[in-house]
Every structure is written in C-alpha cells, then in structure tokens.
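S.K.:
Residue numbers (mature numbering (1 follows the signal peptide of the UniProt record, and there is no 0)): -24 to -1, 1 to 258.
1) How far does the beta strand (DSSP E) with residue 64 in it extend, from its first residue to its last?
2) Can you give, in chain order, each stretch of the alpha helix (DSSP H) that sits fully within the stretch 9 to 42 and has at least 4 residues?
3) When DSSP labels each residue in this structure, what does residue 67 get in the three-state scheme?
4) Residue 158 and residue 216 look like a contact to me (Cβ under 8 angstroms); what is the Cβ gap, rounded to whole Å?
5) From residue 24 to residue 4, what distance separates their C-alpha atoms?
6) Just checking my contact of residue 39 with residue 118 at CB under 8 angstroms: how many whole Å lie between their CB atoms?
7) So, using beta-carbon positions, are residue 227 and residue 211 closer together than 7 angstroms?
8) Given that a residue counts as buried once 16 or more other Cβ atoms are within 10 Å of its Cβ, and exposed if not, what is residue 123?
9) Name the two residues that bound the continuous beta strand (DSSP E) containing residue 232.
10) Rounded to the nearest angstrom, what separates residue 224 and residue 189 at their Cα positions?
11) Pop quiz: residue 181 and residue 142 are said to be a contact at Cβ under 8 angstroms. What is the actual Cβ separation, rounded to whole angstroms?
12) Check whether the stretch 8 to 21 touches the stretch 48 to 61, counting contact only when three or more Cβ pairs, one atom from each stretch, lie closer than 8 angstroms.
13) Please name the residue in 235, 10, 209, 220 whose C-alpha comes closest to that of residue 104.
14) Could you have a look at residue 56 and say whether DSSP puts it in helix, strand or coil?
15) Note the first and the last residue of the continuous beta strand (DSSP E) segment covering residue 212.
16) For residue 7 versus residue 115, is the C-beta distance shorter than 7 angstroms?
17) Taking the CB atoms as reference points, tell me whether residue 162 and residue 73 lie closer together than 7 angstroms.
18) For residue 104, name the three-state secondary structure that DSSP assigns.
19) Taking the beta carbon of residue 244 as the centre, do at least 16 other beta carbons fall within 10 Å, making it buried, or is it exposed?
20) Rank 93, 36, 169 by C-alpha distance to the C-alpha of residue 14 and give the top, closest one.
21) Suppose the cutoff is 6 angstroms on Cβ atoms and the five residues either side in sequence are ignored; what does the same chain contact list for residue 106 look like?
22) Which residues does DSSP list as the beta-bridge partners of residue 85?
23) For the beta strand (DSSP E) containing residue 159, name the first residue and the last one.
24) Give me the DSSP bridge partner(s) of residue 190.
25) Quick check on the DSSP output: the beta strand (DSSP E) that includes residue 224 runs from which residue to which?
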C-alpha cells in the first residue's frame, strides 16, 4: 500500500513539474494594437526585477515612435509627437518631456541591442499595457477604449486542442485527420471569420509550441501576404527535421488557408495525394 501511495505521489509531482516546464518555455510575445511584434535578431526577456525587456527600436516603431541614440552618454531617446522619453543605460531614472521619473529596473545593452523595460516606455507614450502570464504575452494598446478594431478577449488562459496549444478565445480550426493515412492534423484560418490577424497569430503560436520558432516563422512569412479574400496564396511545403514530417500549406484563391501537418516519415509525392486533394473548406 505504501509503495502505491509513493508511486502516485511521485507521478503527480513529475506531472506538475512537466506542466510547469512546458508553460515556462512558452515564447515571450509582445502584441501592439492586436499585431504581434517580430524581433528578428534579439528576443525580449524578463529581467531579474521581473520586468519585460525589449529591443527598443522594434517596439518603438510599432508604436509609431522614432528612436535616437547618443553613444557618448549611452542615452536612448524615444520621440512620438509632443512626447520625448530619455533613458540612460544602467540607470533607473528617466525623463518624459524633461520631467524626472523612476523605474524599478534599468535599461541595458545586450547582443548589441538596446533593451528597455517595455511597460515604462509604452506608458510614457500614453499606451495601455497588460501582461498575460498564462501565454507570456505583453499587450500594448494605443487605441481608444471601446474601439471595435480587433477587440479580442484576453481571458488569460490557453487550452490544448489535439496536441496543440492555443489561446482559449481562438477561432482557428485544428482537427485530427483520422480519415487520412498521410495527414496527421488539419488546420485552417479564414479571412471571413472575425479577427483574421489574430487567427494568424494563434496559428503561429500553436506551431511554435509544437515545432519551434523557426518553423512557425517560416509559416508566418508564407501566409502573411494573404490579407483579403481574393489574395492568391501559393502552395508550400515546410520540412520539420526534428519530427521528420512536412507541413503542407495549401494554395488558396478564396477566403480560407488550409494547413496540413503530414504524418512523420511521409515524403510529398503528387501522385499519392489523392486522398487529400479534395478541397477541405474552412
């Protein structure tokens, strides 16, 4: 009996540890007015003071601000309209239009990039900032409250759908392809559904947690040109070396984008695609 209790206790502890690790490894994201900010060469991180540090140029430009740098004093200047923020690397005090303010952390240089605490900069420019720990996402919004543009709910939760993590409020489609011998999972997003840009973000989020950031970014770059219903999207195959499987992005000339995750080990062959060529409408 004691051995059974001990086994159950150890199993629960291991499950909790694995779950915690899984969530801790979710990518850190920054979303400005509903659009995710991409950091091509230096990723944001959480510093020792619990503040999200971001490469200043990318976030500032997403907010419509200009960035200046004075090397002799290690001062970064962020300007937007009639507002000007000055932050000195390694110091907690900063100024907004000449008025001194104090942060609980400091800006720093890392990987040849200037990193600043995103909350202090964004709020200094008049934006609202929310942090969602469940999906490790900073939401920055400069729009008036009540704006109908991309008013997506952020209830702070994520769910698992057929092995993929997605925000609880997502409206993308993910289903197991039980009827096919060569397709493992079918996914779809559609211009005609609400919040198409968020659908793309949620799709990238799901793929990133399953196959890694490089694969997710490759998918994102391919589907990004699809903005309107009749925009043409060519076909593309993306190989995932770690799992030995292909992601097949179907060509689209309508409102939908279909993504098929093929079974491991399957090599694309046009003559063998008969059971998946039938149009899977979104």
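Heads up, the beta-carbon is just placed ideally off N, CA and C, and yes, glycines get one too.
M.R.: If we stick to the structure as given:
1) Per DSSP, residue 64 belongs to the beta strand (DSSP E) from 59 to 64.
2) Note on the stretch 9 to 42: whole alpha helix (DSSP H) runs with a minimum of 4 residues are 32 to 38, in chain order.
3) DSSP places residue 67 in coil when its eight states are reduced to three.
4) With 8 angstroms as the limit, residue 158 and residue 216 do not qualify as a contact, their Cβ atoms being about 15 angstroms apart.
5) Their backbone Cα atoms lie some 15 angstroms apart in a straight line.
6) Indeed they touch by this definition, with Cβ atoms about 6 angstroms apart.
7) Taking 7 angstroms as the cut-off, the Cβ atoms of residue 227 and residue 211 count as close.
8) Summary for residue 123: the model assigns pLDDT 48, below 50, so the residue's position carries little reliability, and this model does not support an answer.
9) Secondary structure note for residue 232: its beta strand (DSSP E) is the uninterrupted segment 232 to 238.
10) Answer to the nearest angstrom: the Cα atoms are 17 angstroms apart.
11) Beta-carbon to beta-carbon, residue 181 and residue 142 are separated by about 7 angstroms, close enough to satisfy the 8 angstroms threshold.
12) Proximity of the stretch 8 to 21 to the stretch 48 to 61 falls short of the contact definition, fewer than three beta-carbon pairs being nearer than 8 angstroms.
13) Closest by C-alpha distance to residue 104, out of 235, 10, 209, 220, is 10.
14) Here residue 56 carries a strand assignment [DSSP, helix/strand/coil].
15) 212 to 216 is the span of the beta strand (DSSP E), which, as asked, contains residue 212.
16) Result yes, Cβ atoms of residue 7 and residue 115 sit closer than 7 angstroms.
17) Contact flag unset, no.
18) DSSP places residue 104 within a strand segment (E or B) once states are collapsed to three.
19) Under this definition residue 244 is an exposed residue.
20) For residue 14, the closest alpha carbon among the candidates 93, 36, 169 is that of 36.
21) By the criterion of a C-beta distance shorter than 6 angstroms, residue 106 is surrounded in its chain by 115, once the five residues flanking it on both sides are discounted.
22) Residue 85 pairs with 90.
23) Per DSSP, residue 159 belongs to the beta strand (DSSP E) from 159 to 166.
24) Answer is none; residue 190 lacks a bridge partner.
25) From DSSP, the beta strand (DSSP E) with residue 224 extends over 221 to 225.
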